[in-house]
Each structure stands twice: as C-alpha cells, then as structure tokens.
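Worksheet: one structure, shown below.
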Amino acid sequence: MPDAPKKQWRGRKLKRKTCAFCAEKTKEIDYKDALRIRRFVTDRGKILPRRVSGNCAKHQRLLAVSIKRARELALLPYAGE
C-alpha cells in the first residue's frame, strides 16, 4: 500500500458572507417588517440557519425572535404556502 496515490484536496476557499444587518448598521430587527424578515424564511416556513443566511450570531438570535413574533401575529406563516 505504500505505492497508493495520495488523495488531492479538492476543496475551495469559501467567501465569508457578511451579516446583512451589520452592513446596514441596524440596531434592532422589527417584527412588523415582514418583507425584510421573509428573506430569512424558507418556502416551507423554516428559519434559515446562520451558515446559509450569513448573519452574525447576535443578529441571528434577534432575527429568530422577530420571526417568531411575526408568526404569532399572523404576519408570517408557520408553515409554507
């Protein structure tokens, strides 16, 4: 087995996504702004994870709370359409 060829690493460098809320210097995320919040919800009604949305941890937590509040007030659906 010492003559076996080594596997080449085929990964690629990923560009870090920037937090949309940090870029706009947003202090708080408003649950009443359903159009902005809807970008971070899938068509099935799930909240997009941080690694997909590119949000920082602080804004991801605030976003999750505001999405849940918007769902409670029927501004966003719990499930997909």
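Going by our numbering, the residue at position 37 of the sequence shown is 39; the numbering climbs one at a time, nothing skipped.
Yeah, the Cβ is synthetic: ideal placement off N, Cα and C, and Gly gets one too.
Span of the alpha helix (DSSP H) around residue i
i   : result
R71 : A59 to E74
N24 : The sequence given here places Cys at residue 24; Asn does not occur at that position. A22 to A25 is the span of the alpha helix (DSSP H), which, as asked, contains C24.
Whole-angstrom distance between residue j and residue i, CA atom to CA atom
i   : j   : result
K48 : N57 : 16 Å
A36 : R18 : 26 Å
P51 : V43 : 9 Å
L16 : R41 : 22 Å
Cβ-Cβ separation, residue j to residue i (assumed contact under 8 Å), whole Å
i   : j   : result
E30 : L64 : 7 Å
I39 : L75 : At roughly 12 Å, the Cβ-Cβ gap does not stay under 8 Å, so I39 and L75 are not in contact.
Y33 : S55 : With a Cβ gap of about 17 Å, Y33 and S55 do not count as contacting.
Local conformation of residue i per DSSP, three classes
i   : result
I39 : helix
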